Structures are given as structure tokens and as C-alpha cells.
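A quick write-up on the structure given underneath.
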Amino acid sequence: MKKFLIILAMLFMLPVFADTMPYYTNSIPKGTLGVYQTGEKLTVFSHPEANSRVLKEFDFTYNPETMPDGVFGLLLNEKKLGFLYVSDIGDDNWVEVIYDKKTGAKGWVTTEDRFQFLPWINFYNMYGRKYGLRLLKDAPDEVDILHAKADDLAQSVAKVNYVKMIKLTKLSGNWALVSVYDLDKIPKTGFMRWRSDNGVIYAFPNIK
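In our numbering, the protein residues as written are 15 to 222.
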């Protein structure tokens, strides 16, 4: 009986590839242009041409036990919602994606509609305004300072601590106009940096 309980406990400890979310700034490659939403099948080409060499083919089940590891920038299996990071844009609806986060391998895919590739501003407007933003865990301390304008030299209007919720109103370049709720539950409104000038992302849509 004791041996059976040990085996059962070990089974529960086995890793399961669950959802994927970025939690640290280095989770999102610097300088990416946005995200590409996957369907159930994906073919990655060496060049933005349908007759170029096929680098990789995927069949996505959105079952956590069978989904590939290290592919998605954002993955919610239950919603069948997956995104790859986009590193370049080509002609005729082609975009370059990072399809292996461990090696940084890239390839080209086609977009079937105008919502499949979402530049960051579109992605944040669609998902950030709906779900709010979440600060990445190693975002610099200066992100906690809200400014009166979208400028590092603009007047500081508030400092937030122990953020509970960040409501996004709009993006303005690398700045976001937000209302932040922290421990005192009083909204503090101002401009927060969501991205550095060299492309490091500090805040990400809190998709659920």
C-alpha cells in the first residue's frame, strides 16, 4: 500500500505542458513587432514564398499533453488561443515568426485575414483594453511612476505599490495611459512605460 501511494504521488508530480505566458522581460524577444495567431495547422517556410523550403509543420491539438514546448509566446489551450512572436514583415501577407524560442529559429508564414497578425498596438488595444495589463516580474522600478505626459521628464503624478490591476486606456508610442489600482484601491491615472526605447517590453496584456 505504501509503495502504491508513493507511485501515485510521483505521477501527480510529473510535469504537464500547460498554458504559456510571458512573466519576465527576456521572455519576449527584444524588437519583435507583434504576434501571429495560430490555427490548428501551421507551415513555416524558409522564405516568404509558397515554393520555398518547408522548415517546420505543426498540427496543434490544444491539448496540454500533446502541445509542443518552446514554440508559443502566449498559449491558452482551453481557449485554443496561441500566438507566436513576429520578427519581420514581408510582402503579400507574409510575416516572419519565431517558432523555436530555445534556439531563436525563425521562418515565414502566411496570414489568412487581417487579424491573424497583430502589431503590438493592435494586440494591446484588443486584449490589453479588455483584460488590463500585468507588469512583468523584473520590470524596472521606474515603471511604477506614473507621469502627466508620455515623457520621462514629465511631472510624476503618482507612484504605485503592490499593483492589483492596471486598466489600459490607450497606447502612445512606448507609453500607456492607464488607471492603476493598488492596495489602497484608489485609481491612480497617468502615463506608464509599457516598453523601453530599445524595445524591451515591461507590461503585457493580462489575458485570461
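Don't be surprised by glycine CBs; every beta carbon is placed ideally from N, CA and C. Note that this is a predicted model, so its numbers are computed, not measured.
- Exposure of Thr-117 is indicated by the presence of fewer than 16 other C-beta atoms within 10 angstroms of its C-beta.
- With 16 or more other Cβ atoms inside 10 Å of its own Cβ, Asn-91 counts as buried.
- Where Trp-134 is concerned, there is no enclosing beta strand (DSSP E), although the alpha helix (DSSP H) around it starts and stops at 134-137.
- It is roughly 6 Å from the alpha-carbon of Thr-52 to the alpha-carbon of Phe-97.
- In this structure, the alpha-carbon of Thr-183 lies about 13 Å from that of Asn-136.
- In the structure shown, Ser-186 falls within a strand segment according to DSSP collapsed to helix, strand and coil.
- The three-state reading of DSSP puts Asp-102 in strand, counting E and B together.
- Setting aside the 5 residues that flank it on each side, Ala-168 is surrounded in the same chain by His-161, Ala-162 and Phe-205, each with a C-beta closer than 8 Å to its C-beta; the list follows chain order.
- Shown here, Tyr-141 sits in a helix according to DSSP, grouped into three states.
- In its chain, beyond the 5 residues on either side, Ile-42 and Phe-218 have a beta carbon closer than 6 Å to the beta carbon of Pro-36.
- For Gly-118, there is no enclosing beta strand (DSSP E), as DSSP marks it with neither H nor E.
- Runs of the beta strand (DSSP E) lying entirely within the stretch 144-219, each at least 3 residues long, are 147-149, 159-161, 170-173, 179-186, 189-195, 202-207 and 217-219 in chain order.
- In this structure, the beta-carbon distance from Leu-149 to Val-177 falls below 8 Å.
- In chain order, Ser-193 place their CB closer than 6 Å to the CB of Thr-203, counting only its own chain and leaving out the 5 sequence neighbours on each side.
- As computed with DSSP, Thr-124 is found in a beta bridge with Trp-108.
- Around the Cβ of Glu-110, a 10 Å sphere holds 16 or more other Cβ atoms; the residue is buried.
- Exclusion of the five residues before and after Lys-44 leaves Gly-213 and Val-214 as the residues of its chain whose Cβ lies within less than 6 Å of its Cβ.
- A check of alpha carbon separations from Phe-72 across Asn-188, Asp-114 and Val-49 identifies Asp-114 as the nearest.
- Residues Asp-196 of the same chain have their beta carbon placed closer than 6 Å to that of Asn-175, with the five preceding and five following residues left out of the count.
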